[in-house]
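Encoded as structure tokens, the structure appears first; notes follow it.
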Ligand SMILES: Cc1ncc(COP(=O)(O)O)c(C=O)c1O
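Quick look at the structure:
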């Protein structure tokens, strides 16, 4: 009689998660009501007095730690790894420079972002140039400076050929792909579709070009992706396509760029479980991606072919929890439906991500009184200006300050000078010093862009109409 075959369970990395005591809400999550007085050991209240409210506070320590953890998670699992800092996520010069100091390249998607990276001293050869519109002049500069350009559509192939011909040099390019991973909606408006054959057509077109050579594949499958299997599928699909490209053309693929999209520790609206329980760690993302890549490149490795460099363009997961927004209560009211409301000096003009996150809100001091459902309104005279439609808070008084987190991703870029000035951003350095990294806006700077025809200048010769 044959011995029964042993089935081995897949090894899973053990993890420890801390338990918190406290009263649970109906979803089993503990309701926290801590207050927070400092960031990285620096008291916040004196900063508000010095720099005014509202105020953004950036933690250099958290930002550096985050990008180091990201890099370590991947570099321990894959031989050649690169991080491209997604400028659109946060292009404050201080943020970009810290990440460049940590070894990240710049990932830009426009002429403005390309110029910003160059002005910071990033060489063109360390810039990844994505995006659906790259005007010819900047494309020419980027080609001359050796940037890594990812083609979005056929017209761009043609534009690039013309620029390369003008420069009389054959240039290396990458293409952006889109495809269905089976886990996320495919962002099919960017790049060339794989399933329809458009991607292979583009590859053939580039392969036959006198001026272009294809060396890289790029894709970005979405954002705030909580299921690491989506990335495993993406890595496998890209590696298989790389093999197809190499077997059907003379192109040699040097890198696979998997884009961004790792979730940050923020609470997405509509998700009941807290981010601690939902958001995968960098190690979990890295394990899924490199595991799939190792599997998909096995025959390639066996044949002695080089493994591609793995590029990540992780944005929000690197910067989100490294920044806080501090805001003061300017008024309160009781709404007709009985809910309590507080009016704050910061609104959606500063916190664009308030439209889809339930940011964590903590008072700066211990507040007394019963917690009650509270609506947090911003200062704009606009109905949409709601920072939190419902958050449990004790009674708030005028002047009380609240700390809102995590706000580092997509706010300092998507904020608007609308009705209100944009406030200062200060950074707590690793040494615990405070540096202003963006001054508060003033009228003169905003008016500087405007030109008023002489005939419209006050006082009018005929005086003001009644
Ligand atoms: C091409 C590309 N790369 C990287 C990112 C950064 O994404 P995330 O902040 O979700 O990591 C984006 C964001 O939309 C993107 O479009």
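Residue numbers (this note's numbering): 340 to 805.
Glycine is no exception: its CB is placed at the ideal position from the N, C-alpha and C atoms.
Worksheet item: Quick one: is residue 431 buried, meaning 16 or more other Cβ sit within 10 Å of its Cβ, or exposed?
Response: What you label residue 431 is simply residue 92 of the chain shown in a count that begins at 1. Classification of residue 431: buried, given that the 10 Å Cβ count is 16 or more.
Worksheet item: What span of residues does the beta strand (DSSP E) with residue 403 cover, start to end?
Response: Within the chain shown, numbered from 1, the residue matching residue 403 stands at position 64. From DSSP, residue 403 is part of no beta strand (DSSP E) but of the alpha helix (DSSP H) over 399-414.
Discussion item. Quick check on DSSP: helix, strand or coil for residue 601?
Written reply: On the chain shown, position 262 is the one that residue 601 refers to. Strand at residue 601.
Item to complete: Spatial neighbours of residue 489 within its chain, please: CB distance less than 6 Å, with the 5 preceding and 5 following residues excluded, ordered by chain position.
Response: Position 150 of the chain shown, counting from 1, holds the residue named residue 489. The beta carbon of residue 489 sits closer than 6 Å to the beta carbons of 469, 513, 515, 557 from its chain, once the five residues preceding and following it are set aside; these are given in chain order.
Item to complete: Give the DSSP-derived three-state secondary structure of residue 456 in the structure shown.
Response: In the chain shown, the residue the question calls residue 456 occupies position 117. Residue 456: helix per DSSP, three-state reduction.
Worksheet item: Between which two residues does the alpha helix (DSSP H) harbouring residue 439 extend?
Response: Working through the chain shown from its first residue, we reach residue 439 at position 100. Taken as a continuous stretch (DSSP letters only), the alpha helix (DSSP H) holding residue 439 covers 432-440.
Practice prompt. Could I get the ranges of all uninterrupted alpha helix (DSSP H) runs contained in the region 771-798, with 4 residues as the minimum, in chain order?
Written response: Entirely contained in the region 771-798, the alpha helix (DSSP H) runs reaching 4 residues are, in chain order, 782-786.
Item to complete: Go ahead and label residue 589 buried or exposed: buried means 16 or more other beta carbons lie within 10 angstroms of its beta carbon, across all protein chains shown.
Response: Here residue 589 refers to the residue found at position 250 when the chain shown is read from its first residue. Residue 589 is exposed by the Cβ-count criterion.
Worksheet item: Considering only residues of the same chain and omitting the five flanking positions on each side of residue 504, which have a CB-CB separation below 6 Å?
Response: One-based indexing of the chain shown puts residue 504 at position 165. If we look at residue 504 and ignore the five residues flanking it on each side, its Cβ neighbours are 550.
Discussion item. With a threshold of 7 Å (Cβ to nearest heavy atom), would residue 654 be considered close to ligand 1?
Written reply: Along the chain shown, one-based indexing puts residue 654 at 315. Yes, Cβ of residue 654 sits closer than 7 Å to a heavy atom of ligand 1.
Worksheet item: CB-CB under 7 Å to residue 573, same chain, minus the five flanking residues each way: which ones, in chain order?
Response: Within the chain shown, numbered from 1, the residue matching residue 573 stands at position 234. Cβ neighbours of residue 573 within its own chain (closer than 7 Å, five residues either side excluded): 520, 558, 560, 597.
Worksheet item: Can you tell which of 479, 610, 726, 429 has the C-alpha that lies nearest to the C-alpha of residue 506?
Response: By one-based count along the chain shown, residue 506 stands at place 167. Out of 479, 610, 726, 429, 479 has the C-alpha closest to the C-alpha of residue 506.
Worksheet item: To the nearest angstrom, how far is it from the Cα of residue 369 to the Cα of residue 496?
Response: Within the chain shown, numbered from 1, the residue matching residue 369 stands at position 30. Within the chain shown, numbered from 1, the residue matching residue 496 stands at position 157. Unreliable positioning characterises residue 369 in this predicted model, as indicated by a pLDDT of 49, which lies under 50. A coordinate reading is not provided.
Fill in: Reduced DSSP secondary structure (H/G/I, E/B, other) of residue 580
Numbered from its first residue, the chain shown carries residue 580 at position 241. Residue 580: helix per DSSP, three-state reduction.
Discussion item. Which residue wins for smallest C-alpha separation from residue 668, given the options 732, 763, 540?
Written reply: In the chain shown, counting from the first residue as 1, residue 668 sits at position 329. Selection 732, 763, 540 evaluated against residue 668 yields 732 as nearest (Cα-Cα).
Discussion item. Could you check if residue 468 belongs to the surroundings of ligand 1, using beta carbon to heavy atom distance under 7 Å?
Written reply: Translated into positions along the chain shown, residue 468 becomes position 129. No, the beta carbon of residue 468 sits no closer than 7 Å to any heavy atom of ligand 1.
Fill in: Whole beta strand (DSSP E) elements within the region 673-721, 3-residue minimum
679-683, 699-702, 711-716
Worksheet item: Three-state secondary structure (DSSP) at residue 594?
Response: As a first step, residue 594 is located in the chain shown; it is residue number 255 there, counting from the start. Here residue 594 sits in strand by DSSP.
Worksheet item: How long is the line joining the alpha carbons of residue 361 and residue 710, rounded to whole angstroms?
Response: Counting from 1 along the chain shown, the entry for residue 361 is found at position 22. Counting from 1 along the chain shown, the entry for residue 710 is found at position 371. Residue placement at residue 361 is flagged as unreliable, the pLDDT there being 45, under the threshold of 50; the coordinate-derived value follows with that caveat. Answer to the nearest angstrom: the Cα atoms are 14 Å apart.
Item to complete: Give me the Cα-Cα distance between residue 565 and residue 508, rounded to the nearest whole angstrom.
Response: For this step, residue 565 is matched to residue 226 along the chain shown. For this step, residue 508 is matched to residue 169 along the chain shown. Distance between the alpha carbons of residue 565 and residue 508: 43 Å.
Item to complete: Determine the DSSP secondary structure at residue 763, reduced to helix, strand or coil.
Response: The residue given as residue 763 occupies position 424 in the chain shown. In this structure, residue 763 counts as coil in the three-state DSSP scheme.
Worksheet item: What span of residues does the alpha helix (DSSP H) with residue 539 cover, start to end?
Response: Here residue 539 refers to the residue found at position 200 of the chain shown. Note, residue 539: alpha helix (DSSP H), 537-546.
Discussion item. Suppose you measure from the CA of residue 500 to the CA of residue 548; what does that come to, to the nearest Å?
Written reply: Here residue 500 refers to the residue found at position 161 of the chain shown. Here residue 548 refers to the residue found at position 209 of the chain shown. Computed Cα separation, rounded: 8 Å.
Item to complete: Compare the C-alpha of residue 562 against each of 684, 652, 539, 599 and name the closest.
Response: Numbered from 1 along the chain shown, position 223 holds the residue referred to as residue 562. Of the candidates 684, 652, 539, 599, the residue whose Cα lies closest to the Cα of residue 562 is 599.
Item to complete: Measure the alpha-carbon distance for residue 751 versus residue 429 and round it to whole angstroms.
Response: Translated into the one-based positions of the chain shown, residue 751 becomes position 412. Translated into the one-based positions of the chain shown, residue 429 becomes position 90. Using only the alpha carbons, I get a separation of about 6 Å.
Fill in: Between the CA atoms of residue 377 and residue 760 - distance to the nearest angstrom
On the chain shown, position 421 is the one that residue 760 refers to. On the chain shown, position 38 is the one that residue 377 refers to. Roughly 25 Å between the two C-alpha positions.
Discussion item. Please classify residue 754 as buried or exposed, where buried requires at least 16 neighbouring CB atoms within 10 angstroms.
Written reply: By one-based count along the chain shown, residue 754 stands at place 415. With 16 or more other Cβ atoms within 10 Å, it is buried.
Worksheet item: What do you get for residue 626, buried or exposed, if any count of 16 or more other CB atoms within 10 angstroms of its CB means buried?
Response: Position 287 of the chain shown, counted from the start, is the residue given in the question as residue 626. With 16 or more other Cβ atoms within 10 Å, it is buried.
Practice prompt. Have a look at residue 538 and residue 441 and give me their C-alpha separation to the nearest angstrom.
Written response: Along the chain shown, read from residue 1 onward, the residue named residue 538 stands at position 199. Along the chain shown, read from residue 1 onward, the residue named residue 441 stands at position 102. If I take the Cα positions, the gap works out to 34 Å.
Practice prompt. Report the option in 392, 409, 383, 472 whose CA atom is closest to the CA atom of residue 654.
Written response: Indexing the chain shown from 1 puts residue 654 at position 315. Out of 392, 409, 383, 472, the CA that lies nearest to the CA of residue 654 is found in 409.
Fill in: Simplified DSSP state of residue 562, which is helix, strand or coil
To locate residue 562, count along the chain shown from 1; it is residue 223. Three-state DSSP puts residue 562 in coil, outside helix and strand.
Worksheet item: Would the C-beta of residue 446 count as close to ligand 1, meaning under 7 Å from any of its heavy atoms?
Response: Your numbering for residue 446 matches position 107 in the chain shown. Answer for residue 446: yes, Cβ within range of ligand 1.
Worksheet item: Quick one: is the Cβ of residue 428 within less than 7 Å of any heavy atom of ligand 1?
Response: Residue mapping note: residue 428 aligns to position 89 of the chain shown, counting from 1. Flag set: Cβ of residue 428 near ligand 1.
Item to complete: Could you say if the region 605-615 and the region 390-406 meet the contact criterion of at least three C-beta pairs nearer than 8 Å?
Response: At 8 Å Cβ cutoff, the stretches do not touch.
Worksheet item: Excluding sequence positions up to five away, which residues of its chain have a Cβ less than 6 Å from the Cβ of residue 450?
Response: Along the chain shown, read from residue 1 onward, the residue named residue 450 stands at position 111. Excluding positions up to five away in sequence, the list reads 474, 477.
Worksheet item: Three or more beta-carbon pairs under 8 Å between the region 738-749 and the region 681-693, yes or no?
Response: yes
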